[in-house]
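Q:
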Amino acid sequence: MDDKIKELLEQGIVERSQIAFVQMREAVPRFDELVNKLVSLSEEVEHCVGISEEAREQVRQFLSRSSEVDAEFQKYLYIQGARDCVEMLRELGVIR
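Residue numbers for the sequence shown follow this note's numbering, beginning at 50 and rising by one.
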């Protein structure tokens, strides 16, 4: 696939994902609560005197990698959802 097409596809996915994120926040009020709890726990770890700097850095890295994995998974699910939609429309004879 042409690099320009890939770039446009990636940009479209990012834009649609952002729109879906906003819609999800409106549709799932609990999401903001979960995010707030995550932020609170992260702050507790950052300010906990009983945790060494090395352990604190490991927690930071874990959260960062976990976030990266989640972002890739969401991207995959979005693309797979689009593929499934096209497949279903083909099976229904709506598109070729």
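The beta-carbon is built from N, C-alpha and C at its ideal position, and this holds for glycine as well.
Would you report the Cα separation of L112 and V118, rounded to the nearest angstrom?
A: 10 Å
Q: Does the region 76–96 come close enough to the region 126–143 to have 3 or more Cβ pairs within less than 8 Å?
A: no
Q: With distance defined between alpha-carbon atoms, name the residue in V84, C134, M73 and I128 nearest to Q146.
A: In the structure as shown, the chain begins at 50 and stops at 145. Residue 146 is therefore absent and cannot be evaluated.
Q: Could you check what DSSP says for V88 in three-state terms: helix, strand or coil?
A: Secondary structure of V88 (DSSP, three-state): helix.
Q: In the structure shown, what three-state DSSP assignment does I51 receive?
A: The residue you asked about is not Ile; residue 51 is Asp in the sequence shown. Here D51 sits in coil by DSSP.
Q: Nearest-angstrom Cα distance between I100 and S116?
A: If you draw a straight line from the Cα of I100 to the Cα of S116, it comes to about 22 Å.
Q: If you run the structure through DSSP and keep just helix, strand and coil, what is V71?
A: helix
Q: Thinking C-beta only, is I62 closer than 8 Å to K124?
A: In this structure, I62 lies closer than 8 Å to K124 by Cβ.
Q: Going by DSSP in three states, R79 sits in which element: helix, strand or coil?
A: helix
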